[in-house]
Amino acid sequence: DLHSSAWYLFLALSRAFGFWLNIGGMIYISVVIFFLILHSDDTNKRYVGLTVSQVILLSTMFQWVMRHTAELENHMTYVERVLEYTNVPQEAVFETPPDKMPPIDWPSHGQIIFKRFYLRYSCNSPFVLNNLNINIEAAEKIGIVGRTGAGKSSLISALFRLAFNEGQVFIDGIEIHKLGLHDLRSKISIIPQEPVLFSGTMRNNLDPFNEYPDHVLWKALDEVELKNV
């Protein structure tokens with residue numbers, strides 16, 4: 002609906018712009034013709050037809066220039082967006098240095114520790130998480146309660162390093178800020194709070210990177226009682 006409303010507004014403005022361009026061109030041509038009628042004599046009547054044809058051509062060219070100028074300005078927003086992306090601060094290192102690579106089976110337990118942790122979504126915004134200290138033991142289930150905007154979802158952003166943060170976060174004894182973003186995010190999975198209808202096969206959604214054999218996927222489906230669905 003938002004896209005349709007914006008597109009309808011764009012079409013309406015284009016038609017209105019073209020209408021007023023035509024009105025302006027007609028007024029210009031009418032003024033020139035009346036001027037020629039009032040000030041023409043026998044010596045320059047032969048130039049009246051040429052003048053009118055040139056005025057019509059000039060009006061048409063003026064409308065063409067104005068339409069394409071407006072279209073150019075409209076398309077320059079694409080360039081503006083590209084330039085904005087070139088100025089976006091770059092994220093941290095994508096790959097972990099070889100000397101800081103975690104074990105292959107990391108994380109194997111799931112202990113999470115926040116130490117003096119602060120998080121905000123831009124450099125100048127206030128902290129959403131302020132001096133957070135939490136110790137979540139392995140296999141422990143916890144619930145986070147709070148009003149809208151209290152920072153519950155920000156904990157997920159902290160684990161995935163999606164925002165500006167200060168402090169330390171440990172997962173199974175390894176500080177996540179020392180890991181590359183790819184190595185960190187590929188080891189963490191979440192269930193979003195809003196349901197999403199996925200497309201494609203069940204296998205592609207369970208194993209999008211094609212890393213596990215079929216029997217492992219069948220075992221996972223069996224554990225969540227979806228094997229016979």
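Heads up, the numbering used here is the position in the sequence shown plus 1, with the first residue counted as 1. Glycine included, every Cβ here is placed at the ideal spot set by N, Cα and C.
Pairing Ala17 with Asn75, the inter-Cα distance amounts to about 16 Å.
Burial state of Ala159 is buried, judged by a 10 Å Cβ sphere holding 16 or more other Cβ atoms. When Ser200, Phe171, Leu163 and Ile192 are compared, the shortest CA-CA separation from His183 is found for Leu163. Asn136 sits exposed, since fewer than 16 C-beta atoms from the chains shown fall within 10 Å of its C-beta. Judged by pairs of C-beta atoms under 8 Å, the segment 134 to 152 touches the segment 93 to 113, as three or more such pairs exist.
Here DSSP, grouped into helix, strand and coil, assigns Asn206 to helix. By the beta-carbon neighbour count (other beta carbons within 10 angstroms, threshold 16), Leu10 is exposed.
Under the criterion of beta carbons closer than 8 Å, Val56 and Val33 qualify as touching, at roughly 5 Å. Of the residues assessed, Leu156 falls on the buried side of the cut-off, its CB having 16 or more other CB atoms within 10 angstroms. Ala140 has its alpha-carbon roughly 16 Å from the corresponding atom of Asp106. Residue pairing of Phe118 in beta bridges, as defined by DSSP: Leu133. Taking a cut-off of 8 Å for Cβ pairs, the segment 200 to 220 and the segment 141 to 148 do not touch, as fewer than three such pairs fall below it.
In the pairwise beta carbon analysis, the segment 116 to 132 is classified as touching the segment 164 to 182: at least three pairs are separated by under 8 Å. Exclusion of the five residues before and after Pro193 leaves no residue of its chain whose Cβ lies closer than 6 Å to its Cβ. Residue pairing by DSSP places Glu176 opposite Phe171 in a beta bridge.
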